[in-house]
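>
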Amino acid sequence: MATIWVVLIALAALIVGVVIGFFIARKTMMNYLKKNPPINEQMLRTMMMQMGQKPSQKKINQMMRAMNQQMDSNKK
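Heads up: the sequence shown runs through residues 1 to 76, numbered per the UniProt record's numbering.
1. Assign Q53 to one of three DSSP states: helix, strand, or coil.
2. M30 lies in the alpha helix (DSSP H); which residues open and close that run?
3. How big is the Cα-Cα spacing for N68 and I39?
4. Using the three-state DSSP reduction, which class does N40 fall into: helix, strand or coil?
5. Measuring only the C-alpha atoms, how far is Q53 from E41?
Structure representation (structure tokens):
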């Protein structure tokens, strides 16, 4: 009878640990991506030049704004 309780407590602790670990990892990753966005203006400019487009600052600002709006809508 005592071994059943030990197993149940171990399973409960494992489940709680996995859930807490998931949320901590998710929060950490969100903070990292907020501080270090995957694409910045320089990367966008280089990518557009490689595609044969001459990037204007207006076009780059539009694309950055669209990407930021997309990231904000994904958070909600």
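Quick reminder that beta carbons are idealized off the backbone N, C-alpha and C, glycines included.
What you are looking at is a predicted structure, and each value in this text was computed from that prediction instead of being measured.
Walking through what the data contain:
1. Sequence index remark: in the sequence shown, residue 53 carries index 53 (1-based). Note: Q53 maps to coil in three-state DSSP.
2. Locating residue 30 in the sequence shown gives position 30, where the first residue counts as 1. Residues A2 to K35.
3. On the sequence shown, position 68 is the one that residue 68 refers to. On the sequence shown, position 39 is the one that residue 39 refers to. A straight-line Cα-Cα distance of about 10 Å links N68 and I39.
4. In the sequence shown, residue 40 corresponds to position 40, counting from 1. Of the three classes helix, strand and coil, the one that applies to N40 here is coil, per DSSP.
5. In the sequence shown, counting from the first residue as 1, residue 53 sits at position 53. In the sequence shown, counting from the first residue as 1, residue 41 sits at position 41. Our two residues, Q53 and E41, have alpha carbons roughly 15 Å apart in a direct line.
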